[in-house]
């Protein structure tokens, strides 16, 4: 055998060994390429999902900020209402004291005057009719005397 033939034989043997050893590696590489493509698709899907989530989170942040503003507004209004209620309580207390110290004693005085007058009129009610009759009689007498005096004059 010549050197060339030996070299060719060695080359064939190396090709066969390389083929037998590289075949599993090629299979593994193909499998890895498929896995990488699957991962790429998954990552792409995840990117889309993350983008949607970012949009939703931005909307939620806006809603939270709006709620914070509303809460602060309501808090201020409640504080103002509390102040107003405290003022009203003070005013009501003042009104109660005024009623107790000023109006009620005056009402009691008016009531006592009214009941006293009522009692007097009630006690003299039976005497009033004869007084009215006497006044009517006096009017008639005065009228007759006026006519007689006119006639004499």
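Residue numbers (this note's numbering): 37 to 189. Just so you know, even glycine gets a beta-carbon here, dropped at the ideal spot from N, CA and C. None of the values given here were measured: they were computed from a predicted structure.
Here's a check: name, in chain order, each residue in its chain whose Cβ is nearer than 8 Å to the Cβ of residue i, leaving out the five neighbours to either side.
| i | result |
| --- | --- |
| residue 60 | none |
| residue 132 | none |
Grab me the residues of residue i's own chain with a C-beta within less than 7 Å of its C-beta, minus the 5 sequence neighbours each way, in chain order.
| i | result |
| --- | --- |
| residue 99 | none |
Going along the chain, which residues of its own chain have a beta-carbon closer than 6 Å to the beta-carbon of residue i, five neighbours each way excluded?
| i | result |
| --- | --- |
| residue 161 | none |
What are the uninterrupted segments assigned as beta strand (DSSP E) that are 3 or more residues long and contained completely in the stretch 143 to 179, given in chain order?
none
Please list the segments of the alpha helix (DSSP H) lying wholly inside the stretch 62 to 150, counting only runs of 4 or more residues, in order along the chain.
none
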